[in-house]
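Student: Below is the structure I would like to discuss, written out as structure tokens.
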Amino acid sequence: MDNSNLISLLKAKNFPEYIVNAFAKVKRENFVPENLVAYSYEDMALPVENGSTISQPSTIAFMLMLLEPKQGQKILEIGSGTGYVLALLSEIIKEGKIYGVEIIQRLAIKSKNLLQKDSNIEILNRDASNGLPEFAPYDRILISASCPEIPYFLINQLKPNGIIVAAVKQSIVQIKRDGDNFSVKEFPGFSFVPLVKKQD
Numbered sequence: 012m013d014n015s016n017l018i019s020l021l022k023a024k025n026f027p028e029y030i031v032n033a034f035a036k037v038k039r040e041n042f043v044p045e046n047l048v049a050y051s052y053e054d055m056a057l058p059v060e061n062g063s064t065i066s067q068p069s070t071i072a073f074m075l076m077l078l079e080p081k082q083g084q085k086i087l088e089i090g091s092g093t094g095y096v097l098a099l100l101s102e103i104i105k106e107g108k109i110y111g112v113e114i115i116q117r118l119a120i121k122s123k124n125l126l127q128k129d130s131n132i133e134i135l136n137r138d139a140s141n142g143l144p145e146f147a148p149y150d151r152i153l154i155s156a157s158c159p160e161i162p163y164f165l166i167n168q169l170k171p172n173g174i175i176v177a178a179v180k181q182s183i184v185q186i187k188r189d190g191d192n193f194s195v196k197e198f199p200g201f202s203f204v205p206l207v208k209k210q211d
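Each residue of the sequence shown is one higher than the last, beginning at 12 in this note's numbering.
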């Protein structure tokens, strides 16, 4: 299993070196279903289960670039799936703390098993449509499944100079907080599965 083509693609797209290095170190085949391992290093989204997907690597790289993760930060990922992005973040920030929230129990269990050696990652199986307020504030918040609208409410869970990167409908949105003010940038043209909420 060789990821050299994927790494070459990410370099050709001019992603920062620290992001490319993380992709080089984290084995995507560990996070995809066994029957799809042959496609692990194709630049494509792959189904996992219950309608969830593992996003295509170039999309993940773009979201991580907008997120600007730094060493030692506290980061929340909502919709953490099989844990691939959590592993990439752990590789980037080293000593920080990462919370992954996944509503689908089997995916949460799988990711816990895959990432049990990463002591800086904590995975919770629950609905995170209201964020994860008990561990707030965060330096960075990443929403990997598509929100129906821009999650402004999460700004309250962000540190004064924090960043949110969220899939919103078929766009990627970056929200940068500057004290009590914030700015929003939207990047259209992506495809995501919807964020799942707990059914009443």
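Where is the CB? At the ideal position from N, CA and C, for every residue including glycine. Predicted model only: the values in this text are computed from it and were never measured.
#1: Here's a check: name, in chain order, each residue in its chain whose Cβ is nearer than 7 Å to the Cβ of Asp211, leaving out the five neighbours to either side.
#2: Which residues bound the beta strand (DSSP E) around Pro199?
#3: Using 9 Å as the threshold, is the C-beta distance between Leu78 and Leu143 below it?
#4: Round the Cβ separation of Ser130 and Val112 to the nearest angstrom and send it over; I've been treating them as touching at under 8 Å.
#5: Return the chain-ordered ranges of every alpha helix (DSSP H) run that is complete within the stretch 30–67 and spans a minimum of 4 residues.
#6: On the CB-based measure, 16 or more other CB atoms within 10 Å of its CB, does Lys85 come out buried or exposed?
#7: Taking three-plus beta-carbon pairs below 8 Å as touching, is the stretch 56–70 in contact with the stretch 138–154?
#8: Can you check DSSP and say which residues form a bridge with Asp13?
#9: Helix, strand or coil for Val207 per DSSP?
#10: Beta carbon of Ser122, beta carbon of Gly94: below 9 Å?
#11: Would you kindly report the start and end of the unbroken alpha helix (DSSP H) that includes Asn101?
#12: Could you compute how far the alpha carbon of Asp189 sits from the alpha carbon of Ile152?
#13: Specify, as a first and last residue, the run of the alpha helix (DSSP H) that Asn124 falls within.
#14: Count the CB pairs spanning the stretch 103–119 and the stretch 177–184 that are closer than 8 Å, and state whether there are at least three.
#15: What is the residue span of the beta strand (DSSP E) that Asn136 lies within?
#16: Which one of Ser63, Tyr29 and Lys170 has the shortest CA to CA distance from Ser101?
#17: Give the range of the beta strand (DSSP E) segment to which Asn25 is assigned.
#18: If Pro199 and Gly173 are in contact, beta carbons under 8 Å, what's the gap, nearest whole angstrom?
Tutor: According to the structure data:
#1: Along the sequence shown, read from residue 1 onward, the residue named residue 211 stands at position 200. At Asp211, the pLDDT of 42 sits below 50, so the modelled position is not reliable; the number obtained from the coordinates is stated separately. No residues qualify anywhere along the chain.
#2: The count along the sequence shown starts at 1 and reaches residue 199 at position 188. For Pro199, the enclosing beta strand (DSSP E) stretches over residues Asn192 to Pro199.
#3: Sequence index remark: in the sequence shown, residue 78 carries index 67 (1-based). Sequence index remark: in the sequence shown, residue 143 carries index 132 (1-based). Cβ distance not < 9 Å, so Leu78 and Leu143 don't count as in contact.
#4: In the sequence shown, the residue the question calls residue 130 occupies position 119. In the sequence shown, the residue the question calls residue 112 occupies position 101. Rounded, the Cβ-Cβ distance is 18 Å, inconsistent with contact.
#5: Segments of the alpha helix (DSSP H) lying fully in the stretch 30–67: there are none.
#6: Numbered from its first residue, the sequence shown carries residue 85 at position 74. It counts as buried.
#7: With the cut-off at 8 Å, the stretch 56–70 and the stretch 138–154 do not touch.
#8: Translated into the one-based positions of the sequence shown, residue 13 becomes position 2. The secondary-structure analysis by DSSP pairs Asp13 with nothing; it has no beta-bridge partner.
#9: Locating residue 207 in the sequence shown gives position 196, where the first residue counts as 1. Annotated three-state conformation of Val207 is coil, per DSSP.
#10: Locating residue 122 in the sequence shown gives position 111, counting from the first residue. Locating residue 94 in the sequence shown gives position 83, counting from the first residue. With respect to the 9 Å criterion, Ser122 and Gly94 are classified as neighbours on the basis of their beta carbons.
#11: In the sequence shown, the residue the question calls residue 101 occupies position 90. What sits at residue 101 in the sequence shown is Ser, not Asn. For Ser101, the enclosing alpha helix (DSSP H) starts and ends at Tyr95 to Ile104.
#12: If you number the sequence shown from 1, residue 189 lands on position 178. If you number the sequence shown from 1, residue 152 lands on position 141. Distance from the CA atom of Asp189 to the CA atom of Ile152, rounded to whole angstroms, is 15 Å.
#13: On the sequence shown, residue 124 is found 113 positions in, with the first residue counted as 1. Looking at the DSSP string, the run of the alpha helix (DSSP H) that includes Asn124 is Gln116 to Leu125.
#14: Three or more Cβ pairs closer than 8 Å define a contact, and the stretch 103–119 falls short of that threshold against the stretch 177–184.
#15: On the sequence shown, position 125 is the one that residue 136 refers to. Unbroken run through Asn136: none, as it is neither H nor E.
#16: Position 90 of the sequence shown holds residue 101. It is Tyr29.
#17: Working through the sequence shown from its first residue, we reach residue 25 at position 14. Per DSSP, Asn25 lies in no beta strand (DSSP E) and is assigned neither H nor E.
#18: The count along the sequence shown starts at 1 and reaches residue 199 at position 188. The count along the sequence shown starts at 1 and reaches residue 173 at position 162. About 23 Å; that fails the 8 Å criterion.
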